[in-house]
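Accompanying notes for the structure given below.
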Amino acid sequence: MFDPLALAGKHGILMQCAPLRASGGCTDGQRVWLDEHLTDLEARCALTHEIVNISRGYDRHQLAAMDDLVRAQTAWLLVPPEAITKHVGSQLDEWHLAQELGVTERMLVDRLHFASAVELQALREAGVLGWVAC
C-alpha cells in the first residue's frame, strides 16, 4: 500500500495541520498543510495529492485541467488496478470498497473516472464495476 507519510519524510516535505476552509490540503512547493478536521483516510488522500503537486513543481492552486492530471496520478498511486481487482466477487458497495482500499469514496470515483479504457474493460469483465456507472 502506498504510504504518503513515508514518502513525505523521505523527501523532507514538512507537514502541518491547520484550519483550512477551502480544501483538505495545500502546498507552497516545500510544505504541506492539511486541514485539521480530516479523518485519517482523508488526510492520506489529501497528502498524496499535495505530494503529487510538489513532484510536478506546483506551488499554488492550479487550473482545473492541471488539477485533473494531479487527481489522476494521485488516484493511481493510492489505488493501483490490482488493488481493485483483488476484491472481485466480494460484492462490496462503493463505500466499503473504498474503506478496504484505504481511500475516500471520492478517490475511488476519481480512480475509476481516470481509468484507461483497457482498465475499465478488465474491471467490467471481472464484475467490479456493477455498482458504478462509468
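Residue numbering for the sequence shown follows UniProt numbering, starting at 1 and increasing by one per position.
Where is the CB? At the ideal position from N, CA and C, for every residue including glycine.
(request) Output the distance between the C-alpha atoms of Cys134 and Ser90, rounded to the nearest integer angstrom. (result) Sequence index remark: in the sequence shown, residue 134 carries index 134 (1-based). Sequence index remark: in the sequence shown, residue 90 carries index 90 (1-based). Note that Cys134 has pLDDT 46, beneath the 50 cutoff, so the model's placement of it is unreliable and the number below is only indicative. Approximately 20 Å between the Cα atoms of the pair.
request  = For Ser116, count neighbouring Cβ atoms within 10 angstroms of its own Cβ and tell me buried if that reaches 16, exposed if not.
outcome  = Position 116 of the sequence shown holds residue 116. Ser116 is classed as exposed because its beta carbon has fewer than 16 other beta carbons within 10 Å across all chains shown.
Query raised in the report: For Glu36, is the classification buried or exposed, using 16 other Cβ atoms within 10 angstroms of its Cβ as the cut-off for buried?
Result: The residue given as residue 36 occupies position 36 in the sequence shown. By the beta-carbon neighbour count (other beta carbons within 10 angstroms, threshold 16), Glu36 is exposed.
- Query: Taking only runs of the alpha helix (DSSP H) that begin and end inside the segment 54-134, which ones reach a length of at least 4 residues, in chain order?
  - Reply: Taking 4 residues as the shortest admissible run, the segment 54-134 contains the following complete alpha helix (DSSP H) segments, listed from N- to C-terminal end: 64-78, 81-85, 94-101, 105-113, 117-125.
(request) Determine whether the Cβ of Arg106 lies closer than 8 Å to any Cβ atom of chain B. (result) No chain B appears in the structure shown, which is made up of a single protein chain.
I need the DSSP call for Ala22, collapsed to helix, strand or coil.
If you number the sequence shown from 1, residue 22 lands on position 22. In the displayed model, Ala22 falls within coil according to three-state DSSP, outside both helix and strand.
task: Identify whether Asp35 lies in helix, strand or coil by the three-state DSSP scheme.
output: As a working note, residue 35 is residue 35 in the sequence shown. If DSSP states are grouped into helix, strand and coil, Asp35 belongs with the strands.
- Range of the contiguous alpha helix (DSSP H) that encloses Gly9: Start at 1 with the first residue of the sequence shown, and residue 9 comes out as number 9. It spans 4-10 - the alpha helix (DSSP H) in which Gly9 sits, taken as one unbroken run.
- Query: For the candidate residues Ala8, Asn53, Ile13, Leu38, whose alpha-carbon lies nearest to that of Arg21?
  - Reply: Residue 21 sits at position 21 when you count from the first residue of the sequence shown. That would be Leu38, whose Cα lies nearest to the Cα of Arg21.
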